[in-house]
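Taking it in order: structure first as structure tokens, then the write-up.
Numbering (the numbering used here), first residue to last: 69 to 288.
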């Protein structure tokens, strides 16, 4: 998925503890080593920690394709792990979650700006605009937890409603939800956002506690 959609940012919202059952593949190992994927598509993987906060660990992950000449396909992915959120529960307060949203939107905006500059440079070099756009395209962020709907759904909801330094996609989603609420005479943008997410994935924002936490976060 990361390769196909040219993703540069991967957000993980799971709690790490020896007492928590293994619910998903642990591709990040102790001492920040990377578990090699069981696939013929990747020839090189490297994982390094660039920053670590109380509940947020930022890593740089490098992947390469087997089908491309050496040195031409390596891509660096920014990997954020939010460790302060247990499954079916919520954090004590939304500070860490809001910090995560800020970091991801800030980085995605920077990636998109750099991509636009790279595209202009390629076009100035005589490269076809369509080819230049494809070569410099920045894909969407990928968010996952264990089931991919509870904590992930809450984080996506907070990101979409809270706004802040949102990406162009966030702005479009907000505007669509806002038009729907105005047309129906409803002013609860968060409710409408969750409803729209659930049209795509039924269990988005899985528990009542997570739903209430979304309101706490956007009102913080």
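C-beta: ideal position from N, C-alpha, C; glycine also.
These figures come from a predicted structure and were not determined experimentally.
Measuring only the C-alpha atoms, how far is residue 122 from residue 178? The count along the chain shown starts at 1 and reaches residue 122 at position 54. The count along the chain shown starts at 1 and reaches residue 178 at position 110. Spanning the two alpha carbons is a distance of roughly 24 Å.
Cβ neighbours of residue 233 in the same chain (closer than 8 Å, five flanking residues each side left out): The residue given as residue 233 occupies position 165 in the chain shown. Any answer about residue 233 is weak, because its pLDDT of 46 lies below 50 and its placement is not dependable; what the coordinates show is given next. Closer than 8 Å at the Cβ level, and outside the excluded window around residue 233, lie 170, 173, 174, 177.
On the CB-based measure, 16 or more other CB atoms within 10 Å of its CB, does residue 69 come out buried or exposed? Counted from its first residue, the chain shown places residue 69 at position 1. So residue 69 ends up on the exposed side.
Tell me the DSSP secondary structure of residue 210 in three-state form. Reading the chain shown from its first residue, position 142 is the one you call residue 210. Note: residue 210 maps to strand in three-state DSSP.
Status (buried if at least 16 other CB within 10 Å, exposed otherwise) for residue 72: Within the chain shown, numbered from 1, the residue matching residue 72 stands at position 4. That one is exposed.
Within the same chain, show all residues whose beta-carbon is closer than 7 Å to that of residue 225, passing over the 5 residues directly before and after it, in chain order. As a working mapping, residue 225 is identified with position 157 in the chain shown. Only 258, 261, 262, 265, 273, 282 meet the Cβ criterion.
CB of residue 289 within 9 Å of CB of residue 148, strictly: Residue 289 falls outside the range modelled here, since the chain spans only 69 to 288, and no answer is possible.
Report all residues from its chain with a CB closer than 6 Å to the CB of residue 156; omit the five preceding and five following residues, and keep chain order. Walking along the chain shown from the start, residue 156 turns up at place 88. Within the same chain, residue 156 has close Cβ partners 275.
Is the Cβ-Cβ distance between residue 76 and residue 167 less than 9 Å? In the chain shown, counting from the first residue as 1, residue 76 sits at position 8. In the chain shown, counting from the first residue as 1, residue 167 sits at position 99. No, the pair does not count as a contact, with Cβ atoms beyond the cut-off.
What is the DSSP secondary structure of residue 167, counted as helix, strand or coil? Against the chain shown, residue 167 aligns to sequence position 99. Residue 167: helix per DSSP, three-state reduction.
Judging by CA-CA distance, which residue of 184, 213, 209 is the nearest neighbour of residue 202? By 1-based counting over the chain shown, the position of residue 202 is 134. Comparing Cα-Cα distances from residue 202 to each of 184, 213, 209, the minimum goes to 184.
For the candidate residues 162, 145, 230, 74, whose alpha-carbon lies nearest to that of residue 277? As a first step, residue 277 must be located in the chain shown, where it is residue number 209. Among 162, 145, 230, 74, the Cα nearest to that of residue 277 is on 162.
Hey, could you find the ends of the beta strand (DSSP E) residue 226 is sitting in? Counting from 1 along the chain shown, the entry for residue 226 is found at position 158. Residue 226 -> not in any beta strand (DSSP E); alpha helix (DSSP H) instead, spanning 219-230.
Check residue 255 in the structure and name its three-state DSSP category. For this step, residue 255 is matched to residue 187 along the chain shown. The answer is coil: DSSP assigns residue 255 none of H, G, I, E or B.
Going by Cα to Cα distance, which pick from 150, 165, 288, 146 is closest to residue 207? Position 139 of the chain shown holds residue 207. Ranking the options by Cα distance to residue 207, first place goes to 146.
Could you please give the first and the last residue of the uninterrupted beta strand (DSSP E) stretch that includes residue 143? Position 75 of the chain shown, counted from the start, is the residue given in the question as residue 143. Residue 143 -> beta strand (DSSP E) spans 143-150.
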